[in-house]
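Chemist: Let me begin by handing over the structure; questions about it come next.
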Amino acid sequence: MRADNKPAADFDESYGDRLISVDLTGTALCMKDELQQMLKQGRRSTSTLEINVPE
């Protein structure tokens, strides 16, 4: 991994914050929208991600 054209050992905190934001926050927001759509369609689980939704 090269951070902003620097070796990984030299990346700064702002790069780490951007990396976490994109990887974790982006994934969580996508999953939230996907789950809302699944609930609208009456689905309560999927084979790749098991979710228990209270009725």
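Residue numbers (the working numbering): 194 to 248.
All C-beta atoms in this analysis are idealised placements derived from N, C-alpha and C, irrespective of residue type, glycine included.
When the Cα atoms are used, what is the spatial distance from glutamine 229 to leucine 217?
Modeler: The straight-line gap from Cα to Cα measures roughly 18 Å.
Chemist: From aspartate 205 to methionine 231, what does the alpha carbon distance come to, in whole angstroms?
Modeler: Rounded to whole angstroms, aspartate 205 to methionine 231 spans 39 Å at the Cα level.
Chemist: On the DSSP letters alone, give me the boundaries of the alpha helix (DSSP H) that glycine 235 sits inside.
Modeler: No alpha helix (DSSP H) holds glycine 235; DSSP gives it neither H nor E.
Chemist: I need the straight-line Cα distance from methionine 194 to cysteine 223, nearest angstrom please.
Modeler: Legend: pLDDT at methionine 194 = 49, less than 50; position of this residue unreliable, value from coordinates given subsequently. Approximately 24 Å between the Cα atoms of the pair.
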